[in-house]
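Everything on this sheet refers to the single structure shown next.
In this note's numbering, the protein residues as written are 49 to 341.
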């Protein structure tokens, strides 16, 4: 297995966005064996990066990951930066990814907020069963649970007073442990539908339990309801089929006739092809289509 460097953690976080970890793990290992450092990935051809990404889904992430590697090489002397503010300047690195890398790989005590952590906070502190939609204030709310804070520009802006109360580095290790614990608690115990409250180590402090585990209100239900788009028959499915064809082709690509065989609905098919070209995932030259070089 590849060594879990901070860069390797960043790669795994990007791959795991909207994709189950079980699917990510084997590809992550192969990816890190091939391109173990930002400099290695920055030198890679975009076509090779997309072929390696295979059918993991949302292939723009692959190109953004390569752009991120280029950014590390060009702007940080090929070394992944260690602070949230710098990580956020990298292409494809958003609020969650920057803080996950900072906390789990670089030992920066900053709030890491995903769906699981937000759910734990809502039940533990607010007494609300459902986590609702993400809000900018979530960072400061979760930061207030940590006994120590390293520098985080968003938290500093939202709740500067927290830094006066959480500045003793003697509590840094406890804060790092809590970052992991909150995420594990939400994933394994304080789950979305059937929380195992009898196994929860903080149940005596949980406001939702203290309130008698009330059912969510209609407003909470509406706020938490998310539409899950079907996959079959969507443009996303068509894009995936076209990408599979392009990955299997050589540098010369494929002609229009080959692409026409991919999907029976031609208007939808060529709309998908046009979107792939617009996204930089495919190029058209002389009536042939191929992966970008």
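We put the CB at the ideal spot given by N, CA and C, even for glycine.
Keep in mind it's a predicted model, so treat the numbers as computed, not measured.
Secondary-structure assignment with DSSP links residue 296 through no beta bridge to anything. Excluding five sequence positions before and after residue 223, the CB atoms of its chain that fall closer than 6 Å to its own CB belong to 157, 194, 195 and 196, given in chain order.
The beta carbons of residue 78 and residue 121 sit no closer together than 8 Å. The Cβ atoms of residue 336 and residue 302 lie closer than 8 Å to each other.
Across the structure, residue 132 and residue 139 are spaced so that their CA atoms are roughly 13 Å apart.
The segment 196-205 and the segment 166-173 do not touch, with fewer than 3 CB-CB distances between them shorter than 8 Å. Residues 188, 191, 192, 197 and 203 of the same chain have their beta carbon placed closer than 8 Å to that of residue 210, with the five preceding and five following residues left out of the count. If you look at residue 336, you'll find it in the beta strand (DSSP E) that goes 336-338. For residue 212, the uninterrupted alpha helix (DSSP H) run begins and ends at 209-213, by DSSP. In this structure residue 227 does not touch residue 173 by the C-beta definition: roughly 16 Å separates them, more than the 8 Å allowed. Distance from the CA of residue 105 to the CA of residue 327, rounded to the nearest whole angstrom, comes to 14 Å.
Contact between the segment 312-327 and the segment 281-297 is established, with three or more Cβ pairs separated by less than 8 Å. For the pair residue 238 and residue 70, the Cα-to-Cα distance works out to about 21 Å. Taking 8 Å as the upper bound for CB-CB distance, residue 136 and residue 146 are in contact here, some 5 Å apart.
One alpha carbon belongs to residue 252, the other to residue 75, and they sit about 41 Å apart. Only residues of its own chain outside the window of five on either side were considered, and among them 224 have a CB closer than 7 Å to the CB of residue 155, listed in chain order. Bounds of the alpha helix (DSSP H) holding residue 305 are 304-308. Inter-residue distance for residue 339 and residue 300 is about 9 Å (C-alpha atoms, whole angstroms). Around the beta carbon of residue 179, 16 or more other beta carbons sit within 10 angstroms, so the residue counts as buried.
Straight-line spacing of the CA atoms in residue 312 and residue 279 works out to 16 Å. Contact check between the segment 214-223 and the segment 256-270: fewer than three CB pairs, one atom from each, fall below 8 Å, which does not count as touching. Straight-line measurement puts the Cα of residue 341 at about 9 Å from the Cα of residue 331. Here residue 333 carries a strand assignment [DSSP, helix/strand/coil].
For residue 133, the enclosing alpha helix (DSSP H) stretches over residues 132-135.
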